[in-house]
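Since the structure comes first, as structure tokens, the remarks are kept for the end.
Residue numbers (this note's numbering), protein chains in the order written: chain Z, 31 to 365; chain B, 31 to 365.
Shown next as structure tokens:
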């Protein structure tokens, strides 16, 4: 707890890799809610690769510019309310940013829980929120795998990747995870039930991926872009689908790179579909998807891996580490 | 007519642009049909950019290798039949290749017309055959434009492009054609009803394309790949669709190039779908599509432009010219 409001600002544009020095912490007074507003104490920040993408260019939101307050998806608790639509004790989620306190109006937030017991906070920014929903909608609405098909997931030790991999397994697919390093790969098989895992740092990456997919690749859930996408494209089956979910290999380059060899040639000759999406596009299906994911988590079929940092002051380092691939599972910061 | 069989072979692999010297003509005896076969006199060859792609790599068919007989889609007439499934005088289509005569079995051909009057032969390799069907299925099954949307077509003076452009106009879209040179662009507007046309050789290509699409681009029917695709991607609206039909800008490079900048970044941030297809994928819908196209041609809404070369000896030159963009409309060779 704190009786001031610490706020992280995006201070300097990185030339290459993001570093902690690109952010600046300022301390302000705790804001006062006006009529129709509520005061939220932040509890848990979601740390997402997309935050780095926002600095690069206009995406689905305006480009983040030096001097801007740092946005972030987060969960908090209503401590004081001046609106009948929110009550003290409500757990709410929204784009609250990297700070201790936020003043919100009801239409800026989604009320998650009104009274305890609450699910673990890290699940409210992970499996049961945008992370789990991103994996769910990307896999089932865009990738549309059928049982028995081979699904490959990159950054499979990451937040979305670890969810997508497990969901494809639940759906009866052969699932192959791509991750960096032998240790992560072993965990994908042992903990998450991947049928195989391939280290993209291996000198024989393509041969190993090919061996792990003896029937080719039907759905590729791409979180990385870059050379991993380029390689996997060459192993796609006819009528395969590429779910364009993220481009974490490119964010720290500071540009989108030269593109992917084989596009569009291989899309034509193998009739592939490559499709991007944003989790918000499926808001109307959210309740149903959350119910399904909750059932899987409660039933133990779906493990919600969490990589937790402690304290708002750690937020920049947590994002830097995420981009370097240091995490296994969902990265979150307890405020 | 000829009482020998002239046959063109793919003799040498081009390093860059295809030239006539990469082919070799041989003269053989007219083949004899065996039991269950028929002898076909070729009448019209379809000249297609895909023929150049076949030399580059395995596509939807095995790679063409030096020494191979040159395949080509064509229409011919049955002159002698030793099978009850084909009759003398039948017009048939199939992959008959660059030659005067072909011996075929009934399951290798599609019977188009049994008795006169026949439609013009050039329409049987153009509007009423794979060219028209490629435009039809690519536009309506992959691109799925809605009335009022903006559809951009590249190589819009080409065989498939000129069809796709007119079909999008018939479907009530704003249609913008991309072609090389002012003369072709003017014809797209005056003859084919494009709302605007843009010369991709212009130094201000992007600005001109943007001005021609004041509401952005909803569907891009891509026949070229390369820089034109890269530029058009930057003008796509959210949930836009890119129909990957051809890559004529890349075939004469001899490789697929470095890829397209913005893939997959812009696919994610604008939720785009990029999808390849092959006309054969839609064989089960062929009869219905042909009936629609025939109605449009007969009714004068759809113009079937033809760029005709005379004589089998001109086949290599016709393909070389096509790849250089010298044609306006469907390129065909009267045998």
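All C-beta atoms, glycine included, are put in the ideal place defined by N, C-alpha and C.
Is the beta carbon of residue i less than 9 Å from the beta carbon of residue j?
i: residue 260 of chain B; j: residue 36 of chain B; result: no
i: residue 194 of chain B; j: residue 168 of chain B; result: yes
i: residue 214 of chain Z; j: residue 358 of chain Z; result: yes
i: residue 361 of chain B; j: residue 74 of chain B; result: no
i: residue 102 of chain Z; j: residue 353 of chain Z; result: no
i: residue 196 of chain B; j: residue 158 of chain B; result: no
i: residue 302 of chain Z; j: residue 270 of chain Z; result: yes
i: residue 120 of chain Z; j: residue 141 of chain Z; result: yes
i: residue 278 of chain Z; j: residue 262 of chain Z; result: no
i: residue 85 of chain B; j: residue 38 of chain B; result: no
i: residue 70 of chain B; j: residue 107 of chain B; result: yes
i: residue 275 of chain Z; j: residue 164 of chain Z; result: yes
i: residue 228 of chain Z; j: residue 264 of chain Z; result: no
i: residue 206 of chain Z; j: residue 273 of chain Z; result: no
i: residue 334 of chain Z; j: residue 152 of chain Z; result: yes
i: residue 95 of chain Z; j: residue 294 of chain B; result: no
i: residue 50 of chain Z; j: residue 350 of chain Z; result: yes
i: residue 154 of chain B; j: residue 105 of chain B; result: yes
Name, in chain order, the residues that DSSP records as bridge partners for residue i.
i: residue 274 of chain Z; result: Z:252, Z:306
i: residue 38 of chain B; result: B:55
i: residue 338 of chain B; result: B:362
i: residue 269 of chain B; result: Bridge partners of residue 269 of chain B: none, in fact.
i: residue 367 of chain Z; result: Nothing about residue 367 of chain Z can be read from this structure; chain Z reaches only from 31 to 365.
i: residue 99 of chain Z; result: Z:39
Could you give the DSSP three-state label for residue i: helix, strand or coil?
i: residue 134 of chain Z; result: strand
i: residue 197 of chain Z; result: helix
i: residue 126 of chain B; result: coil
i: residue 204 of chain Z; result: strand
i: residue 230 of chain Z; result: coil
i: residue 299 of chain B; result: helix
i: residue 140 of chain B; result: strand
i: residue 110 of chain Z; result: strand
i: residue 172 of chain B; result: helix
i: residue 209 of chain B; result: strand
i: residue 247 of chain B; result: strand
i: residue 290 of chain B; result: strand
i: residue 350 of chain Z; result: helix
i: residue 60 of chain B; result: coil
i: residue 44 of chain Z; result: coil
i: residue 116 of chain B; result: coil
i: residue 257 of chain Z; result: helix
i: residue 33 of chain Z; result: coil
i: residue 157 of chain Z; result: coil
i: residue 262 of chain B; result: helix
i: residue 281 of chain B; result: helix
i: residue 344 of chain B; result: helix
Just reading off the alpha helix (DSSP H) that residue i is part of, what are its end residues?
i: residue 238 of chain B; result: 235-242
i: residue 166 of chain B; result: 160-167
i: residue 154 of chain Z; result: 151-154
i: residue 359 of chain B; result: Note, residue 359 of chain B: premise wrong, no alpha helix (DSSP H); not H, not E.
i: residue 222 of chain Z; result: 212-222
i: residue 186 of chain B; result: First-last for residue 186 of chain B: undefined, no H or E at that position.
i: residue 85 of chain B; result: 80-86
In the DSSP assignment, the beta strand (DSSP E) including residue i goes from what residue to what residue?
i: residue 74 of chain Z; result: 68-76
i: residue 181 of chain Z; result: 180-183
i: residue 316 of chain B; result: Run containing residue 316 of chain B: none in the beta strand (DSSP E); it sits in the alpha helix (DSSP H), 316-328.
Are the stretch 170-186 of chain Z and the stretch 134-147 of chain Z in contact at 8 Å, needing three or more beta carbon pairs? no
Taking three-plus beta-carbon pairs below 8 Å as touching, is the stretch 60-75 of chain B in contact with the stretch 251-267 of chain Z? no
Taking contact to mean 3 or more Cβ pairs, one atom from each stretch, closer than 8 Å, check whether the stretch 134-144 of chain Z and the stretch 217-232 of chain Z are in contact. no
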